[in-house]
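K.L.:
Pasting a structure below so you can have a look.
2 protein chains.
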Amino acid sequence: MRRHLETAEDELKERLLVMGGLAEEMIRAAVEGLRDRKEAPLRTVHENEETVNRLHIEVDDRCLKLIALHQPTAADLRLILAASKINSDLERIGDQAVNIAENAAVLLGQPPLERKLLDLPRMADLAKAMLKDSLVAFVRKDVELARSVIARDDAEDRLKSEAFHELMQIMQSDASTIQRALGLILIARNLERIADHATNVAEDVIFMVLGRDIRHRAEGSPQGS
Amino acid sequence: MRRHLETAEDELKERLLVMGGLAEEMIRAAVEGLRDRKEAPLRTVHENEETVNRLHIEVDDRCLKLIALHQPTAADLRLILAASKINSDLERIGDQAVNIAENAAVLLGQPPLERKLLDLPRMADLAKAMLKDSLVAFVRKDVELARSVIARDDAEDRLKSEAFHELMQIMQSDASTIQRALGLILIARNLERIADHATNVAEDVIFMVLGRDIRHRAEGSPQGS
C-alpha cells in the first residue's frame with residue numbers, strides 16, 4: 001500500500017506540473033498576443049483553458065480517492081490537501097490568463113497607446129517565474145524556494161501600483177486614451193492576482209513541509225483573490 | 001466514533017457560518033462607509049478581517065485533524081473537503097471586502113461623483129445574498145438553493161458590465177472624475193469577485209451532496225478569481 005500511495009502521489013505531482021506548465025503558457029500567450037497585436041496567441045489561451053479545467057476536475061477527484069483509499073495521515077495527508085489547494089490556484093491562474101486574453105482582444109481593435117504596455121511584460125515575466133518556482137518548491141519540498149516566491153510578491157505589487165499611477169496620468173492628459181488605459185489597468189490587476197496565487201501555492205508548500213501555518217503572519221502576508 | 005465525527009462536523013459547519021456572517025458584515029460595512037462617507041465602518045472591516053483570518057487557519061487545522069483522526073470516506077470526506085474549500089473562499093471574500101474598504105477610504109478624501117455610486121449598493125446586496133444562501137445551502141445540503149445562487153451570478157456580472165460602461169462614459173465626459181470613477185470600477189470588480197466566490201461555494205455544495213462535479217460545465221459556468 002505504501003508503495004502504491006507513493007506512486008499515486010508522484011502522479012498527482014506530475015499532473016499539477018502539467019497544469020502549471022499550461023497556465024504558464026497561457027500567461028505567455030496572452031501577453032504575446034497583446035504585445036505583438038496578434039489574435040492567434042489569444043486563441044491558444046482559450047484552448048489551453050479547456051485542458052486546465054479538465055485537469056482541475058481530474059486532480060480533485062484523485063485527491064478525494066487517494067484519501068478515501070489510503071487514509072493517509074501526517075505528511076501524506078498534508079501533501080494531498082496541499083495538492084488540492086494548489087489545484088484550485090492553478091485553475092484560477094488560468095482564469096486570470098483568460099481575462100488578460102479577453103482584455104487584450106478588445107485592445108487589438110484600437111490603436112496602441114504611445115507609452116505602449118509600460119511594465120506589463122515585466123510583470124508577466126515576474127508572475128510566470130513565481131508560478132514556476134512555487135511548483136518546483138512543491139515537488140522538491142523546498143521551503144527556501146517557496147520563501148523566495150513569497151518575497152517576490154512585493155515587487156509585483158510595486159510594479160502594479162506604478163502601472164496604475166502612470167496609466168491614470170495618461171488618461172487624465174488625454175481622454176481619448178481612457179478605454180485603452182483602463183484595459184491595461186485591468187490586465188495589470190490580473191497579473192498581480194496571478195502572483196498572489198503563486199504566493200498562495202508557496203504558502204501551501206511551507207505548510208506541507210513544516211506543518212506550520214505561515215499565512216496571515218508577517219512572513220507571508222495574506223493573499224487573496 | 002460516528003457520533004464524535006458528527007459532532008465535529010457540526011462544529012465545522014458552525015465555524016464556517018460564523019466566518020460567513022463576519023464576511024457578510026465586512027461587505028456591508030465597506031459599502032456603508034463608501035455610501036455614507038464615514039470612516040468608522042471602514043475600520044470595522046479591518047477588525048473583522050483579523051478574526052476571519054484566525055478562523056481560516058483554525059478551520060483548515062480542524063479539517064486536517066478530522067481526516068487524520070476519523071479517516072472518513074464517501075459523504076463525510078466530501079463534506080470535510082468541501083468545508084476546506086469553502087473556508088478558502090470565505091477568506092478571499094474577506095480580502096475583497098478589505099480591498100473595497102481601501103478603495104473607499106481613498107474616495108472619502110474626494111468630493112462624490114454626481115452620479116454617486118450608480119448600482120454598486122445593489123451589487124453589494126446581491127453578492128451578500130448569494131454568500132448567505134450558499135452557506136445555508138451548505139449547512140442544509142440544499143442543492144436547489146445552491147443552484148439558485150449559481151443562477152444569480154449572471155445578474156451580478158451584468159450589473160458590473162453596466163457600471164463599467166457608465167463609469168467609462170463619466171470619465172470620458174469629464175477628466176476630473178477619472179481617479180474617482182476608477183475607484184468605483186475597482187469596487188465593482190471586487191463585488192463581482194465576491195459573487196464569484198459565493199458561486200464557487202454553491203458548486204462545492206452540489207459536489208458534496210451529489211458527488212458529481214458540475215464545474216466547467218453548462219450548469220455552473222466556471223468561476224475563478
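If you read the protein sequences in the order shown, they are chains Z and D. All residue numbers for the first sequence refer to the numbering used here, where the first residue is 1 and numbers rise by one. All residue numbers for the second sequence refer to the numbering used here, where the first residue is 1 and numbers rise by one. C-beta atoms are modelled at their ideal positions from N, C-alpha and C, and glycine is treated no differently. Quick caveat, the model's predicted, so the values are computed rather than measured.
#1: Spell out whether any CB of chain Z is found under 8 angstroms from the CB atom of LYS85 of chain D.
#2: For chain D, is any of its Cβ atoms less than 8 angstroms away from the one on MET228 of chain Z?
#3: Is ALA181 of chain Z closer than 8 angstroms to MET171 of chain Z when the C-beta atoms are compared?
#4: Look at the alpha carbon of GLU49 of chain D and the alpha carbon of ILE194 of chain D, and state the distance between them as a whole number of angstroms.
#5: Express the C-alpha separation of VAL59 of chain Z and SER88 of chain Z in angstroms, rounding to a whole number.
#6: Using a Cβ-Cβ distance under 8 angstroms, would ASP216 of chain Z count as near chain D?
#7: Are the C-beta of ALA175 of chain D and some C-beta of chain Z separated by less than 8 angstroms?
#8: Give me the Cα-Cα distance between LEU145 of chain D and ASP174 of chain Z, rounded to the nearest whole angstrom.
#9: Ordered along the chain, which non-local residues of its own chain (more than five positions away) have a Cβ less than 8 angstroms from that of GLN71 of chain D?
#10: Closest Cβ-Cβ distance between THR51 of chain D and chain Z: below 8 angstroms?
#11: Check the Cβ-Cβ distances between HIS4 of chain Z and every residue of chain D, and say whether any is below 8 angstroms.
#12: Using a cut-off of 8 angstroms between C-beta atoms, extract the partners of SER88 of chain Z located in chain D.
#13: Name the chain Z residues that come within less than 9 angstroms of ILE187 of chain D, Cβ to Cβ?
#14: Given this structure, state the Cα-to-Cα distance separating ALA75 of chain Z from GLY20 of chain Z, to the nearest angstrom.
#15: From LEU135 of chain Z to ARG212 of chain D, what does the alpha carbon distance come to, in whole angstroms?
#16: Taking only the alpha-carbon atoms, compute the straight-line gap between LEU117 of chain D and GLU166 of chain D and give it to the nearest angstrom.
#17: Checking 8 angstroms against the spacing of the C-beta atoms, do ALA188 of chain D and ALA97 of chain D come in under that value?
#18: Along chain Z, in chain order, which residues have C-beta atoms closer than 7 angstroms to that of THR73 of chain D?
P.N.:
Reading off the structure:
#1: Flagged as an interface residue toward chain Z: LYS85 of chain D, by a C-beta distance shorter than 8 angstroms.
#2: Nothing in the structure corresponds to residue 228 of chain Z, since chain Z is present only between 1 and 225.
#3: Cβ atoms of MET171 of chain Z and ALA181 of chain Z: closer than 8 angstroms.
#4: Straight-line Cα distance between these residues: approximately 15 angstroms.
#5: Taking the straight line joining both Cα atoms gives about 10 angstroms.
#6: One detail in the question is off: residue 216 of chain Z reads as His in this sequence, not Asp. By this cut-off, HIS216 of chain Z is an interface position.
#7: Judged by the 8 angstroms Cβ criterion, ALA175 of chain D is in contact with chain Z.
#8: One C-alpha to the other measures close to 48 angstroms.
#9: For GLN71 of chain D, where only same-chain residues beyond five positions count, there are no Cβ hits under 8 angstroms.
#10: No, because no Cβ of chain Z sits closer than 8 angstroms to the Cβ of THR51 of chain D.
#11: HIS4 of chain Z does not count as touching chain D.
#12: The contacting residues are LYS85, SER88.
#13: Ordered by position in chain Z, no residue passes the 9 angstroms Cβ test against ILE187 of chain D, which lies about 13 angstroms from the chain.
#14: It is roughly 23 angstroms from the alpha-carbon of ALA75 of chain Z to the alpha-carbon of GLY20 of chain Z.
#15: Approximately 28 angstroms between the Cα atoms of the pair.
#16: Going by the C-alpha atoms only, they are around 11 angstroms apart.
#17: Contact flag unset, no.
#18: Counting only Cβ-Cβ distances below 7 angstroms, THR73 of chain D has contacts in chain Z at ALA68, in chain order.
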